[in-house]
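*Asks:*
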Amino acid sequence: MIALLLRDLTLAIRAGGGFGLALTFFLIVVVLVPFGVGPDSTILSAIAPGILWVGALLACLLSLDRIFALDHEDGSLDLLATAPIPLEGVVAMKAAAHWVTTGLPLTLAAPGLGMLLSLEPAAFRWLVLSLALGTPALSMIGAFGAALTVGLKRGGLLLSLLVLPLYVPTLIFGAETVARGADGMATATPLMMLAAITLAAVALLPFAAAAAIRINLR
Amino acid sequence: MSLWEYANPTRFMRTSGVLLPWLWGLTGLSLVVGLVWGFFLTPEAENFGSTVKIIYVHVPSALMAINAWLMMLVASLIWLVRRHHVSALAARAAAPIGLTMTLIALVTGAIWGEPMWGTYWAWDPRLTSFLILFLFYLGYMALWEAIENPDAAADLTSVLCMVGSVFALLSRYAVNFWNQGLHQGATMSLDKEENIANVYWLPLVITMVGFGLLFVTLVLVRTRTEIRARRIKALIARERMV
């Protein structure tokens with residue numbers, strides 16, 4: 115399973131666009147927002163938590179269809195499905211690789227972009243913490259969506275339609291954490307909820323995703 | 028005699044064919060009685076004026092919007108466990124009806140909200156979770172449409188329905204956390220002191236029964252259509268073989 119993780123990471127790095135694309139997209143979304151709402155820093159700092167979380171979510175969405183599609187095309191997904199390791203483990207590792215290539219860089223880049231949106235200084239650590247806790251759930255839920263649509267020719271748009279409603283709870287608690295952090299309020303409750311969603315998603319969704327892949331490979 | 032006998036499409040077609048005229052009649056009767064009673068024979072409510080009458084469409088459709096998803100969940104589980112095709116087709120048939128009910132609830136709510144709250148839309152937890160439910164229905168139906176192999180489509184949508192149910196429930200409580208409500212609480216619970224006044228209660232129950240019957244009837248009709256469509260496909264495939 116570690117070998118699979120390393121293989122996916124290597125593929126993502128060497129094929130290009132793995133790390134860079136999602137990050138660049140995140141940067142562009144954040145840069146576009148001030149053009150849309152005006153450069154007033156009070157407005158920007160009020161909406162910054164939400165924009166940063168929505169931006170991270172969309173950037174995450176962008177690379178979801180790659181999780182299984184490429185492996186499905188060249189047939190290695192069939193090999194993985196018949197390999198001696200459980201398919202659930204394969205799915206979890208694929209989601210982990212997706213997180214390392216998108217969620218982790220997004221988390222690390224978020225403070226810099228928070229500065230662009232004049233986020234409250236008190237909120238920066240909460241931003242990083244909430245993204246670090248929440249993005250694994252985004253990757254795992256996304257892997258489930260990708261597993262559902264893996265056999266489809268034009269699955270991309272359908273994938274976003276399926277996955278975005280599933281992202282709602284994560285987004286609510288994530289953005290709420292940052293917003294509360296910015297106002298200096300207690301953030302323990304949304305953070306705990308966020309962690310609960312991530313843990314439950316990582317624990318349960320591999321089974322659903324593996325079931326979907328088995329159906330698709332039938 | 029058990030419920031599972033209706034998993035046989037022929038048997039299902041025969042029984043539902045006999046039941047349908049009765050169901051249509053009962054649906055029409057309860058809807059006409061409930062709506063006419065509610066619209067014309069109840070007094071105008073204090074603070075609400077005549078807008079209170081929207082309740083006779085708003086509440087039953089909201090009720091059925093949620094129950095339709097529950098029915099889809101049960102039908103999906105039956106399909107996954109016992110592989111009865113009628114069950115999968117019934118889940119597929121229920122989705123557009125549930126979507127329509129959600130839309131009716133949202134639209135009548137908006138029409139009601141304008142005179143009462145001064146706005147068509149507010150990001151209230153109940154309203155928001157209904158909008159999310161609407162998106163879930165859209166995703167579910169889109170997945171059915173996108174997959175060509177009918178058995179794979181039934182399997183995948185069942186998995187989506189189960190995972191979606193968990194997330195829909197989660198979203199319901201997450202939005203509670205996220206914003207305070209403008210929508211009033213439940214006024215029809217059996218265990219509360221403060222309930223809706225009796226004059227409104229009875230016609231409302233009748234319309235709720237009517238909407239429930241309407242849902243059952245429409246699901247039966249649409250399931251029959253799906254079964255016929257599947258038979259036609261099988262016949263065409265057989266023609267080609269010859």
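If you read the sequences in order, they're chains P and F.
As numbered in my numbering, residues 115 to 332 make up the first sequence, in order.
As numbered in my numbering, residues 28 to 269 make up the second sequence, in order.
All residues carry an ideal CB built from backbone N, CA and C; glycine is no exception.
Bear in mind that the values here come from a model prediction, so they are computed numbers and not experimental data.
1. By the criterion of Cβ-Cβ separation under 7 angstroms, what are the contact partners of arginine 332(P) in chain F?
2. Relative to the C-alpha of valine 168(P), which candidate in Asp192(P), Ile142(P), Phe321(P) and Ile157(P) has its C-alpha closest?
3. Alpha carbon to alpha carbon, how far is leucine 313(P) from glycine 335(P)? Give it in angstroms, no decimals.
4. Do you know whose CA, among Ala183(P), Gly152(P) and Pro148(P), lies nearest leucine 166(P)'s CA?
5. If tyrosine 167(F) and threonine 184(F) are in contact, beta carbons under 8 angstroms, what's the gap, nearest whole angstrom?
6. Check whether the Cβ of valine 168(P) lies closer than 7 angstroms to any Cβ atom in chain F.
7. Specify whether the stretch 244–252 of chain F and the stretch 116–129 of chain F touch according to this definition: at least 3 beta carbon pairs, one from each stretch, less than 8 angstroms apart.
8. What does alanine 322(P) touch in chain F if you count any residue whose Cβ is under 7 angstroms from its own?
9. Can you tell me where the alpha helix (DSSP H) with isoleucine 94(P) in it begins and where it stops?
10. Counting pairs of beta carbons, one from the stretch 255–263 of chain F and one from the stretch 101–111 of chain F, are three or more of them closer than 8 angstroms?
11. Looking at the unbroken alpha helix (DSSP H) that takes in alanine 209(P), where does it start and where does it end?
12. Give a yes or no on whether the minimum CB-CB distance between isoleucine 161(P) and chain F is below 7 angstroms.
13. So which residues of chain F does isoleucine 286(P) contact, with C-beta pairs closer than 9 angstroms?
14. Determine the burial state of histidine 210(F): buried for a count of at least 16 other Cβ atoms within 10 Å of its Cβ, exposed for fewer.
15. Taking DSSP as the reference, what is the three-state secondary structure of glycine 145(F)?
16. Using a C-beta cutoff of 7 angstroms, does phenylalanine 161(F) count as contacting chain P?
17. What does the Cβ neighbour count give for aspartate 192(P), buried or exposed, with the cut at 16 atoms within 10 Å?
18. Report the rounded CA-to-CA distance for alanine 223(P) versus alanine 179(F), giving the unit in angstroms.
19. Of the residues Arg268(P), Leu118(P), Met306(P) and Leu233(P), which one's Cα is nearest the Cα of lysine 208(P)?
20. With a Cβ-Cβ cutoff of 7 angstroms, do leucine 241(P) and glycine 228(P) count as a contact?
21. Classify proline 304(P) as buried or exposed, calling it buried when 16 or more other Cβ atoms lie within 10 Å of its own Cβ.
*Replies:* Result, derived from the coordinates:
1. Ala179
2. Here the closest residue by C-alpha is Ile142(P).
3. The structure shown does not extend to residue 335(P), since chain P spans only 115 to 332, so no value can be given for it.
4. Pro148(P)
5. 6 angstroms
6. no
7. As far as the Cβ criterion goes, the stretch 244–252 of chain F touches the stretch 116–129 of chain F, which means the pair count is three or higher.
8. Val186 and Val190
9. In the structure as shown, chain P starts at 115 and stops at 332, and residue 94(P) therefore has no counterpart that could be examined.
10. no
11. 201–212
12. no
13. Residues of chain F passing the Cβ test: Ser198, Ala201, Val202, Phe204 and Trp205.
14. Result: exposed.
15. coil
16. no
17. The residue is exposed, with fewer than 16 neighbouring Cβ atoms inside 10 Å.
18. 40 angstroms
19. Leu118(P)
20. yes
21. buried
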